[in-house]
Amino acid sequence: MPSRKKTVMFASAFLTCVFSFVLICTVLGTQQWVSSDVHFSDTTSNATVSLTYGLFTGTCKQYIDAGLQVSEKDFKVEKNLGTTPAKNTNTAIVAILVLGLVSSFLSCVFTCTNAVSNPYRTFLGPIGVYTLNSFCGIFIFLAMILFPVNVQHHNLSLELAQGCFSVLQTQNSSAHSYGYSFWITLPILFLNIASITIICFYEHARYSKKKERERPIESAPKDVILF
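In mature numbering (1 follows the signal peptide of the UniProt record, and there is no 0), the protein residues as written are -29 to -1, 1 to 198.
Structure below.
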């Protein structure tokens, strides 16, 4: 059976891993990643398409001239994108987040196992927790970087607007505001860092205790040691 201190430390790490897992599910399940206004114009009229979407679905509204709404549609992100860098990047983001979800789940399993037992295999112990939380943090960080790149550099909102309303004029400008689904990725990063920090404290305390046990033997007189 693990010591009380180990149980408390790994139970705390388990809670942070569970929260991380729940938040990744929220990120994948909610569609409030970004809201965009894409402005179009030609010689006779102006139009604005307002979009709110996530990794899978979204809604778009078209306004003309003085803000008169003319239509509203729901859309699927992958269906509205052709074979473009924007579609490939969106697919990569989904795959990365799924890998992060798997890493977070396995981290929950590993921390729970260590809280109630002393695993025989080394990789099931702190090393496994370090590795899985590090991978999860890296995957989330990559998703945080790739999504704004997809919106800003690959013109994701423009392609989705043109997919919703095929007859649109020349793009004039666009504005983007990232929603809570995107910003939830930040606390996920902090939770992974917290899990690693908790296990680091446990490992440091265990190492210090081990050194304290060895110290009396090192400082003992030679005749006592021989005896």
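For every residue, glycine included, the Cβ atom is placed at its ideal position computed from N, Cα and C.
Quick caveat, the model's predicted, so the values are computed rather than measured.
_Range covered by the beta strand (DSSP E) that runs through Asn143_ = Unbroken beta strand (DSSP E) run through Asn143: 141 to 149.
_Span separating the alpha-carbon of Thr23 from that of Thr30_ = One Cα belongs to Thr23, the other to Thr30, and the distance between them is close to 6 Å.
*Candidates Asp36, Lys47, Thr168: closest to Leu26 by CA position*: Taking only the C-alpha atoms, the option nearest Leu26 is Lys47.
*For Thr23, three-class secondary structure by DSSP*: Correct three-state label for Thr23: strand.
*asked:* From the DSSP secondary-structure annotation, give me the bridge partner or partners of Lys44.
replied: As a beta-bridge residue in DSSP terms, Lys44 pairs with Cys31.
_Please return the same chain residues whose Cβ sits closer than 8 Å to the Cβ of Val(-12), not counting the five positions on each side in sequence._
Here the set comprises Cys79.
*For the candidate residues Leu160, Thr(-23), Thr168, Val41, whose alpha-carbon lies nearest to that of Val(-3)?*
Checked all of Leu160, Thr(-23), Thr168, Val41; the closest Cα to Val(-3) is Leu160.
*Do you know whose CA, among Val73, Asn163, Ser148, Cys135, lies nearest Gln123's CA?*
Of Val73, Asn163, Ser148, Cys135, the residue nearest in Cα terms is Ser148.
*asked:* Please report the straight-line C-alpha distance between Phe11 and Asn17, rounded to a whole angstrom.
replied: Note on geometry: alpha-carbon atoms of Phe11 and Asn17 lie some 6 Å from one another.
*Compute the Euclidean distance between the alpha carbons of Gly99 and Ala57, then round it to the nearest angstrom.*
Roughly 35 Å separates the two Cα atoms.
*Whole-angstrom Cβ separation of Ser21 and Asp13, contact assumed at under 8 Å?*
About 19 Å separates the beta carbon of Ser21 from that of Asp13, a gap too long to meet the 8 Å contact definition.
*Tell me whether Thr84 counts as near the ligand PLP, meaning its Cβ is closer than 6 Å to at least one heavy atom of that ligand.*
As for the ligand PLP, it is missing from this structure, which has no ligand bound.
*Pull up the distance between the alpha-carbon of Lys32 and that of Ser105, whole angstroms please.*
If you take the alpha carbons of Lys32 and Ser105, they lie about 40 Å apart.
_Does Asp194 come out as helix, strand or coil in the three-state DSSP assignment?_
With a pLDDT of only 49 at Asp194, under the threshold of 50, the placement of this residue in the model should not be trusted; the figure read from the coordinates follows. Helix, per DSSP.
*asked:* Can you find the residues in the same chain that come closer than 6 Å, C-beta to C-beta, to Ser(-27), ignoring five residues on each side of it along the sequence?
replied: Result list for Ser(-27): empty, nothing under 6 Å.
*Quick one: what's got a C-beta closer than 8 Å to Ser42's C-beta in the same chain, skipping five residues either side?*
Excluding sequence neighbours, Ser42 sits near Lys32, Gln33, Phe136.
*Leaving out the 5 sequence neighbours to the left and right, which residues in its chain are closer than 8 Å to Leu68 when beta-carbon positions are compared?*
Counting only Cβ-Cβ distances below 8 Å, and skipping sequence neighbours, we find Ile(-6), Val(-3), Leu(-2), Leu26, Phe110, Ile111, Ala114.
*What distance in whole Å lies between the Cβ atoms of Ile164 and Pro97, which are believed to be in contact at a cut-off of 8 Å?*
Not really, about 15 Å apart at Cβ, beyond 8 Å.
_Where the alpha helix (DSSP H) containing Phe11 begins and where it ends_ = Where Phe11 is concerned, there is no enclosing alpha helix (DSSP H), although the beta strand (DSSP E) it sits in stretches over 5 to 12.
*What separation, rounded to the nearest whole angstrom, lies between the Cα atoms of Leu197 and Ala(-17)?*
Any reading at Leu197 must be qualified, since the residue scores a pLDDT of 45, below 50, and its modelled position is unreliable; the value itself is stated next. Ala(-17) has its alpha-carbon roughly 44 Å from the corresponding atom of Leu197.
*Should Val195 be labelled buried (16 or more other beta-carbon atoms within 10 Å of its own) or exposed?*
Because the pLDDT of Val195 is 45, which lies under 50, any placement of that residue in the model is unreliable, and the number read from its coordinates should be weighed accordingly. That one is exposed.
*Mind checking who Ala18 pairs with in its DSSP beta bridge?*
Looking at the DSSP assignment, Ala18 forms a beta bridge with Phe11, Ile35.
*Ser152 and Trp4 look like a contact to me (Cβ under 8 Å); what is the Cβ gap, rounded to whole Å?*
Confirmed, about 5 Å.
*Locate the alpha helix (DSSP H) running through Ser(-18), then write down its first and last residues.*
Run containing Ser(-18): -26 to -1, per the alpha helix (DSSP H) assignment.
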